Amino acid sequence: MIAEPLRPEHILTVELQPAQARTAGVLTREYAEHLCSISSVGWAIVENGVTLGCGGIVEIWENRAQAWTLISSPLLRRFRPAHRMVRAVLDDAPWRRIEMDVDASHEAGIAWAEHLGFVNEGVRRKFTVDGRDVILYARVK
Numbered sequence: 000m001i002a003e004p005l006r007p008e009h010i011l012t013v014e015l016q017p018a019q020a021r022t023a024g025v026l027t028r029e030y031a032e033h034l035c036s037i038s039s040v041g042w043a044i045v046e047n048g049v050t051l052g053c054g055g056i057v058e059i060w061e062n063r064a065q066a067w068t069l070i071s072s073p074l075l076r077r078f079r080p081a082h083r084m085v086r087a088v089l090d091d092a093p094w095r096r097i098e099m100d101v102d103a104s105h106e107a108g109i110a111w112a113e114h115l116g117f118v119n120e121g122v123r124r125k126f127t128v129d130g131r132d133v134i135l136y137a138r139v140k
């Protein structure tokens, strides 16, 4: 596994884990290009040319940013190196506040957010395109 700078192709080719599969409908080429252009930090985890996961941090304004990740099932089976890399990126990030939304039904995503040092700040009801709730997490320095 290697980490590469984020490109739209990474976003479009990651085979999403079941808990994130409903997100696939909004991941158009236009959206992937936009996300890459606004991400202050962006990475992909690749093995043998296959994107196993990707993520980034988008600055909202000075000292506030939004983190996001897309993860495949194969990456989940070897998650420790990815977890360490993401934690290091978060630790080195210049923003005082980094937020992350996690689907309220995604138990593993909730546990991971908390392992990364994010704190639950509340539920955003009917937040997704298809009306699912998400939990707003924040990591504050």
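Each residue of the sequence shown is one higher than the last, beginning at 0 in numbering that gives the first Met the number 0.
For each residue, glycine too, the CB sits at the ideal point set by N, CA and C.
Note that the structure is predicted; figures quoted are calculated from it, not measured.
Straight-line Cα distance separating residue j from residue i
i      : j      : result
Ala64  : Arg123 : 17 Å
Arg131 : Asn47  : 35 Å
Leu26  : Pro7   : 10 Å
Ile59  : Glu98  : 10 Å
Ala92  : Ala66  : 11 Å
Phe126 : Ala110 : 20 Å
Thr22  : Leu135 : 17 Å
Ile1   : Arg76  : 16 Å
Asn119 : Val49  : 33 Å
Glu61  : Ser39  : 12 Å
Leu11  : Lys140 : 32 Å
Arg28  : Ser36  : 12 Å
Those residues which DSSP pairs with residue i across a bridge
i     : result
Gly55 : Gly41, Trp67
Thr50 : Val45
Met99 : Tyr136
Trp60 : Arg63
Beta-carbon spacing of residue i, residue j below 7 Å
i      : j      : result
Ile44  : Ala81  : yes
Gly52  : Gly41  : no
Arg138 : Gly108 : no
Val128 : Leu69  : no
Cβ-Cβ separation, residue j to residue i (assumed contact under 8 Å), whole Å
i      : j      : result
Val133 : Asp100 : 4 Å
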